[in-house]
Structures are given as C-alpha cells and as structure tokens.
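Structure record follows, encoded as structure tokens.
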Amino acid sequence: MSAEKIGDIKEQLKNTTDSQLGHFIEAYGSDDRGGVIKLVDSAKKRLDKYEKELIRTEGLKKYEREYASYAHICGIDEVGRGPLAGPVVACAVILPKDCDILYINDSKKLTAAKRDELYDIIMEKAVSVGIGMASHERIDEINILQATYEAMRQAIGKLDPAPDLTLNDAVTIPGVDIKQVPIIKGDAKSISIGAASIVAKVTRDRMMVEYDNIYPGYGFASNKGYGSAEHIKALKEIGPSPIHRASFIHNFI
6 MSAEKIGDIK
16 EQLKNTTDSQ
26 LGHFIEAYGS
36 DDRGGVIKLV
46 DSAKKRLDKY
56 EKELIRTEGL
66 KKYEREYASY
76 AHICGIDEVG
86 RGPLAGPVVA
96 CAVILPKDCD
106 ILYINDSKKL
116 TAAKRDELYD
126 IIMEKAVSVG
136 IGMASHERID
146 EINILQATYE
156 AMRQAIGKLD
166 PAPDLTLNDA
176 VTIPGVDIKQ
186 VPIIKGDAKS
196 ISIGAASIVA
206 KVTRDRMMVE
216 YDNIYPGYGF
226 ASNKGYGSAE
236 HIKALKEIGP
246 SPIHRASFIH
256 NFI
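Sequential numbering from 6 applies to the sequence shown in my numbering.
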C-alpha cells in the first residue's frame, strides 16, 4: 500500500482539533519522511501549548470553585475609564459551572482577533450576559468612578437569572445587596471576570469604530477614544466632538 501523500497529511493536521492531536501524533509518529517528521513536531508543539492552556484555565476557576455553593456566580468588569471620549462600559457574565472555554484572559493581553473569537464563544455558552454603560454626559455629571459603578449596577441588573455572588475586578460596588468578592487583577485570575472583560472591551471597541464613522478625524477606530497623539492633535485643531468628556479634555482645548 502506498504511503499517504505529505500534502494530505498536512491538510489533516490543519483540520485536527487540539484535543485530537495525540491521535495524529500516534498515527504518524513512526513515519520517517522528513516532511512528516516536521508535521509531527508541529503537532507536538501545538499539543504542548494546548495542555498548558488546559492547566492555566483550570487555575482561572479557583474562585469559582471556592464559591461553588452559590448557584449563580457573576464576573464583572468594565472598560473605558481612561478615554477622553465615549462611554464607560461594564459587563456582567454568569458562566456555566465548570466552564470549558479556553484562552480567556485579561482582555488587554489578547489580540483584537482573539477577543472577537472569544466574544462569540462567551455569548454562545454563557448562562447570562448583562451590559451596562454610562455616557460621556453622565461621566461629566457624576464623575468617572460613580459612572463606572452605575454601569456595573446596570449590567448586574440585566442578568437573568440574577446572581447571588459577584466576583469583581478590584472594586466593591456600592448599592449592590448581594455578596461581592473584589479580586485585585481579577480579569487575569478569574474565568468569570476575564470573560466579562472581553465582552465589555469588544462591545465598547465596536461602538468606538461606529463613532469614528460619525465623527471622523479623531481616530476613534484605532485609539478607541484614548488620548493618543493623533487624538490630542485633532482635539486642538478641530475641537471636541459631541461624545468627548468635557471633564477630561479641558487641558487640551
């Protein structure tokens, strides 16, 4: 019987899921053709990365396991406290018990493409997702910290079923009557908070891309409202847009 063509084996590896890589390595590990040896080595590297990710993800469930007696654990995070324009957005996420989504992390540590990919998976697999936001006007009215708390309360209030415990990224939210667990750098330590950080970031980033179409010239699609050199230059030259935070930009205009 003639050996399989290397091109066919390469295509097979391409279509092999991470969890099935062991079978691929077993099937072709004894093939002594140079091209196949390279493919098997590539599969081994992928498998090693996958196994390390499984271990890392299990570590992200530490707090969810610690509070497993609570029926609905909500992770909550926000994005957009620092920008000069646009809203602050909060997200609350209840993941299923023993959630198996890999590669969740602090959204800032992920590429935009990976965030988009994970956003779709989280939205599909989550028990419930709530989004809250406070506009630039509200931020100017009550300050960014209070606006952030307001957005977080909105997000929690939109969850169905309602949570009986929240895991928060660093803060304790006033006006929330259920048990709260603030975790420093929680978006990198809790799978629930990490999921919330990803959904909040993708939601706000997409809004800022739309605002770039409405208010061109500030680079909102690329800077997402943060104070990049391009953004500050535009502020000085053409003045603020209708979505700029007046309390944030007085030093630039």
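The beta carbon of each residue, even a glycine, is placed where N, CA and C say it ideally should be.
- In the three-state reduction of the DSSP assignment, leucine 89 falls in the coil class, being assigned neither a helical nor a strand state.
- In this chain, the beta strand (DSSP E) harbouring valine 134 covers 133-139.
- Our two residues, alanine 139 and leucine 172, have alpha carbons roughly 21 Å apart in a direct line.
- Residues of the same chain with a CB within less than 7 Å of the CB of isoleucine 243, apart from the 5 flanking positions on each side, are Gly222 in chain order.
- One thing to note: glycine 27 has its Cβ within 8 Å of the Cβ of leucine 52.
- In chain order, Asp210, Met213 place their CB closer than 6 Å to the CB of lysine 229, counting only its own chain and leaving out the 5 sequence neighbours on each side.
- Between isoleucine 198 and aspartate 174, the gap from beta carbon to beta carbon is short of 8 Å.
- Scanning its chain for C-beta atoms nearer than 8 Å, with the 5 sequence neighbours on each side dropped, one finds around arginine 158 the residues Gly137, Ile178, Gly180, Val181, in chain order.
- Counting C-beta pairs with one atom in each stretch, the segment 81-91 and the segment 146-160 have three or more that are closer than 8 Å, which means they touch.
- Between the segment 57-72 and the segment 142-150 there are fewer than three C-beta pairs closer than 8 Å, too few to call the two in contact.
- Checking the DSSP bridge columns, you'll see glutamine 185 partnered with Thr171.
- A Cβ-Cβ distance of about 7 Å is found for the pair isoleucine 81 and isoleucine 161, placing them in contact under the 8 Å criterion.
- Isoleucine 248 and alanine 90 do touch by the CB rule: their CB atoms are close to 5 Å apart, below 8 Å.
- Bounds of the beta strand (DSSP E) holding glutamate 83 are 78-84.
- Under the DSSP definition of a beta bridge, alanine 97 partners with Ile81, Gly135.
- Under the DSSP assignment, glycine 12 falls in the alpha helix (DSSP H) whose first and last residues are 11-19.
- Boundaries of the alpha helix (DSSP H) harbouring asparagine 218: 196-219, taken from the DSSP string.
- The C-alpha of proline 245 is placed about 10 Å away from the C-alpha of isoleucine 237.
- Between proline 168 and cysteine 79, the C-beta gap is smaller than 8 Å, which places the two residues in contact.
- In this model, lysine 206 and aspartate 36 are separated by some 46 Å (Cα to Cα).
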